[in-house]
Each structure stands twice: as structure tokens, then as C-alpha cells.
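Taking it in order: structure first as C-alpha cells, then the write-up.
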Amino acid sequence: MQAVDFVDGKLRLLDQRELPQTVRYLDIANARDARDAIRDMAVRGAPAIGLAAAYAMALAAGEAARADDPVRELKVLAAMIADARPTAVNLRREVEVAMDLLTGRSETWFDVALSHAESMREGQRLEDEALARNALPLFRPGMRVLTHCNTGALATGGLGTAFAAIVEAHRQLGLSEVLADETRPRLQGARLTAFELGRAGVPHRVIVDGAAAYCMAQGLVDLVIVGADRIGSDGRTANKIGTYGLAVLARHHGIPFAVVAPRSSCDHLWPGAREVEIEQRDPREVLEFMGQRVASAGSDALNPAFDVTPGGLVTAIVREDGLFGPPYAF
Ligand code: MRU
9 MQAVDFVDGK
19 LRLLDQRELP
29 QTVRYLDIAN
39 ARDARDAIRD
49 MAVRGAPAIG
59 LAAAYAMALA
69 AGEAARADDP
79 VRELKVLAAM
89 IADARPTAVN
99 LRREVEVAMD
109 LLTGRSETWF
119 DVALSHAESM
129 REGQRLEDEA
139 LARNALPLFR
149 PGMRVLTHCN
159 TGALATGGLG
169 TAFAAIVEAH
179 RQLGLSEVLA
189 DETRPRLQGA
199 RLTAFELGRA
209 GVPHRVIVDG
219 AAAYCMAQGL
229 VDLVIVGADR
239 IGSDGRTANK
249 IGTYGLAVLA
259 RHHGIPFAVV
269 APRSSCDHLW
279 PGAREVEIEQ
289 RDPREVLEFM
299 GQRVASAGSD
309 ALNPAFDVTP
319 GGLVTAIVRE
329 DGLFGPPYAF
């Protein structure tokens, strides 16, 4: 099941908004629709967003080459794609990488951007394998593991980040159980991670996000392992809302808290030269459930999509180039 592909000149996305009930693919022919698909989370997960952005830049390159002023049009489309979501470093970075590549004659742009995206996908596949290998020392046979959001094959061009590590650990060592946070409000854990764990044959149960403290206090968790949307130079990690709370809880209960992410999710300019914008999403994601209003009429919602875990709470960071412990200096 491939989250991001390019077929017959179109960007093909597995529509993650409808999983696991419906398996539907979107065939996207232009940069604007690609931007909308990223913003509306038909594709999500930092590396997958980066990959989708690389393919979206191929579509943009093709469109711009047909415009009266290709350079100007390319800049407009690139800015539009880069603004789709603000927090994952991968999105803006891949747009910038593509822009750096598109310097020659505009007739060549599409092929250049497309072949870059294709090699990036292969790169993510290899990265994910290295992540899973490098994370293995974090696991012991029979461990009970808690994870948050979705970091599987749906979130990358390969087998996933933290998720791939979990699956590999189960294959090699045998895990007792994975607890998957449901991950309010978009339910990436309940819908996507549980789906992927089931397909991978990993024993698991879904918990509501608020049950994590209970599970830790009951001794049901030996390791918390998550992905990242952006890792700062000191190990601070922006990830799905609720991750910071898990890290605080893990520290309180003496449980290791690990982050698994490729180097492409690292931002050595943060903090310092760059600050990170935390995406604020539509309040209706919180106020409604399956399209039905559940919150009291007239109430508004605060809906930050990510939070930042200080590096001091992160026991280990796994990248494709190794396993790192604090203090971090990336
Ligand atoms: O809003 P999402 O679903 O794009 O958020 C995804 C996450 O927070 C993931 O944990 C992160 O991107 C790592 S994906 C390998």
C-alpha cells in the first residue's frame, strides 16, 4: 500500500482521510490540487508530505513551463505548495531543494523535478530500513510499547519511522503489545496505526489519549516511541499534539521516551535562526465528530496540531546515521 506515487503524469495519493473504511486513491494533475491534498491531510506524516511536495513541484514545473513567464509562475506555485502546512520541516525544504534544481531551460524542469522525487522515494525506503535497524537496541523481548499518531508506511515513502522500528523489533525480538494512542482529533492512531499494526501482525490495542497516564502507572508501558515533524539542534522535537504530554508522563514514570526520524526531519537552524510555527487547524476538527457537532453550540475550540517536547525529555533519537543520546547537538 503506497501512500505517494506518480502514475501517468499524475500524483497518486492514497486518501488517508477515509482509511481504514475506504481505500481510495486520488489522481492529482496540478499543483493547486496537490497543495489542497496536503493541507486537507489526504496525505500526511512529515516524510510523506515532503515526498508529495517533491512530486507537486514536478507538476508545478510542468505548469510553469507552459506559462508566459515560467520563472515567475514557478515561484508562485512553489510558495503556494510550501505554505500548505507549516510545522513539518520536510515540506518547505523539499520545495526549496526542487527550486535549487530548476535552473536550466524550463522545458527540462518537469523531468528534473520528477526524477528528483523518484530518487527521494527510493532514499526514504532505504532510510526507513536503517531507522528500524538503528532503533533495535531500544527494545527487549516481551516489551510493551506505546506510540502516538501514525509513523508507518502511510507516513513515508518506505516502511515508516517509529512504526518500522516497532515492526522490526517485533519480528526479531517479539513484543508483548503495542498501545496505539487514538490521537485526537484526526485519529491517526486509531484509524491508521492500528490498521497498519494489524496488517503487520503486531499485537496491539487502541487507547484514548487520556489513558496513557493510567497505562504507565499500571506498568503497561516499557517504552514510548514516536516520530517527529521537526527535530531541533538540541533534540527538541515538534510532533503530533499530545507528544509532549507523553514525554512528561514517561519521565515521571521512569520510562524511556524515544524519537525516530530521518535526518531530513532535522532542522539545525531551530532554535536560534528559525522558530517553528505550530499549525493551528480548523476548530471543527475538535467540535465535531464524523461531521456531527458534539460540542455545545456556541463553544469555540483551540486546535494546535503539534507540540514541542524539550530535548531534555528525549532519552534517545534514532536517525538513519545512528542512535543518539542526550545532550543532543545536531
Ligand atoms: O498531522 P500529521 O498526521 O501529518 O502528523 C504526523 C505526525 O505527527 C507524525 O508523528 C510525524 O509526521 C512523523 S511521520 C513518520
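338 is the number that the working numbering gives the last residue of the sequence shown; the numbers go up by one with no jumps. Ideal placement from N, C-alpha and C gives every residue a C-beta, glycine not left out.
If you pair each beta-carbon of the segment 166-185 with each one of the segment 126-146, do three or more pairs fall below 8 Å?
yes
What does a CB cutoff of less than 6 Å around Met88 pick up in its chain, not counting 5 residues either side in sequence?
Arg43
Quick test of the definition: if touching needs 3 or more C-beta pairs under 8 Å, does the segment 283-298 touch the segment 261-270?
no
Residue range of the unbroken alpha helix (DSSP H) whose run includes Ala68:
54-73
What is the DSSP secondary structure of Leu109, counted as helix, strand or coil?
helix
Thinking C-beta only, is Ala39 closer than 7 Å to Ala68?
yes
Excluding sequence positions up to five away, which residues of its chain have a Cβ less than 7 Å from the Cβ of Arg114?
According to the sequence as given, residue 114 is Ser; it is not Arg. Excluding residues within five positions, the ones whose Cβ falls inside 7 Å are Ala72, Ala73, Pro78.
Who are the Cβ neighbours of Ala140 in its own chain at under 6 Å, not counting the five residues just before and after it?
Ala172, Ala173, Glu176
So, does the segment 316-335 touch the segment 212-221, judging by three or more C-beta pairs under 8 Å?
no
Distance check for Arg259 and Val103, CA to CA, integer angstroms please.
37 Å
Contact set for Ser241: own chain, Cβ-Cβ below 6 Å, skip 5 residues either direction
His276, Phe338
Pair every Cβ in the segment 191-209 with every Cβ in the segment 79-98, then say whether three or more of these pairs are closer than 8 Å.
no
Would you check whether the ligand MRU has a heavy atom nearer than 6 Å to the C-beta of Thr317?
no
Run the proximity test for Cys274: is its beta-carbon closer than 6 Å to any non-hydrogen atom belonging to the ligand MRU?
no
What are the partner residues of Gly330, as DSSP defines its beta bridges?
Arg327
Terminal residues of the alpha helix (DSSP H) in which Ile215 lies:
Per DSSP, Ile215 belongs to no alpha helix (DSSP H); it is in the beta strand (DSSP E), 212-215.
Mind checking which residues open and close the beta strand (DSSP E) that includes Gly182?
Segment: none, Gly182 is in no beta strand (DSSP E) and carries neither H nor E.
For Ile249, the residue or residues it bridges with in DSSP:
None, per the DSSP bridge assignment.
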